[in-house]
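Quick note on the working numbering: the sequence shown kicks off at 651 and runs consecutively. Idealized CB from N, CA, C, for every residue including glycine. Report on the following structure.
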Amino acid sequence: DISIKVPAGIAVDVEDGSGDARISNVGDLDITDGSGSLHIENIDGSVELFDGSGDVTIARVRGSVSVKDGSGDIRIERVGGSVKIGNDGSGEIRISHVKRDVTVDHDGSGAIVVEDVDGDLSIGEHGSGGVRHARIGGSVSVRGNDR
Numbered sequence: 651d652i653s654i655k656v657p658a659g660i661a662v663d664v665e666d667g668s669g670d671a672r673i674s675n676v677g678d679l680d681i682t683d684g685s686g687s688l689h690i691e692n693i694d695g696s697v698e699l700f701d702g703s704g705d706v707t708i709a710r711v712r713g714s715v716s717v718k719d720g721s722g723d724i725r726i727e728r729v730g731g732s733v734k735i736g737n738d739g740s741g742e743i744r745i746s747h748v749k750r751d752v753t754v755d756h757d758g759s760g761a762i763v764v765e766d767v768d769g770d771l772s773i774g775e776h777g778s779g780g781v782r783h784a785r786i787g788g789s790v791s792v793r794g795n796d797r
C-alpha cells in the first residue's frame, strides 16, 4: 500500500497499475488505473477516469465526471456537473443525484440504473442488461439494444 497526502483541493494526476486505491479531498483528478477497486470521494473539481478492471465508486464531486471502463461495476453519486460514461465493457452502472446531464455512449453488458438527475439522460448502445431510470428532470433518450 502507498499513502500520499497533498494539500486539499490540489489537482492530482494518478497512474496505477494494479491494486485498490482510495482518493479523496483533492481538486481536479485525472486517473488511469489498470486493475483493482477504486474509491473516489470529495473531489473539489472534475474527475476523468480510464479504468481497466475493478469496481469503481465515485461520490461527491463538485465538477463533472468522465469514465471509460473495461469491466467492473460503476457507482457514481452526488455530482455537481455532468456524468459521461464513454465506454463500459461489462458490469452494472448506477448513477444518482446529478445536477446536469448523464450520458452513457456505449455499454457492453450489465444493468444501467439512473436516478435523480436534474438534466437530460441519454443512453446509446447497450448490450445485455436492462435500463431503469427515475426522476429525470430533462429529456430521456434510450437508444436500445443493438445486438
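Original post:
Are there 16 or more other CB atoms within 10 angstroms of the CB of Ile-735, so buried, or fewer, so exposed?
Top reply: With a 10 Å radius around the Cβ and a threshold of 16 neighbouring Cβ atoms, Ile-735 comes out buried.
**OP:** Check the C-beta distance from Glu-727 over to Ser-746 and give it rounded, since I have them as a contact under 8 Å.
**Re:** The beta-carbon distance between Glu-727 and Ser-746, rounded to whole angstroms, is 5 Å. This is short enough to meet the 8 Å contact definition.
Original post:
Which residues in the same chain have their Cβ closer than 6 Å to the Cβ of Val-662, if we skip the five residues on either side of it in sequence?
Top reply: So the qualifying residues of the chain are Val-676, Leu-679.
**OP:** Return the CA-CA distance between Val-715 and Ser-696, expressed in angstroms with no decimal places.
**Re:** Going by C-alpha positions, Val-715 is about 6 Å away from Ser-696.
Original post:
Taking the continuous beta strand (DSSP E) assigned at Arg-750, which residues delimit it?
Top reply: Neither: Arg-750 is in no beta strand (DSSP E) and is coded neither H nor E.
Original post:
Considering Asp-723, what are the terminal residues of the beta strand (DSSP E) in which it resides?
Top reply: No beta strand (DSSP E) contains Asp-723, which DSSP labels as neither H nor E.
Original post:
To the nearest angstrom, how far is it from the Cα of Gly-794 to the Cα of Val-763?
Top reply: Roughly 14 Å separates the two Cα atoms.
**OP:** Run the CB neighbour count on Ser-732, radius 10 Å, all protein chains shown included, and call it buried at 16 or more, exposed below.
**Re:** Label assigned to Ser-732: buried.
**OP:** Consider the C-beta atom of His-783 and the heavy atoms of the ligand PLP; say whether any pair is separated by less than 7 Å.
**Re:** This structure simply doesn't include the ligand PLP, nor any ligand for that matter.
**OP:** Can you give me the Cβ contacts of Lys-655 inside the same chain, cut-off strictly under 8 Å, excluding the 5 residues immediately before and after it?
**Re:** Contacts found: none.
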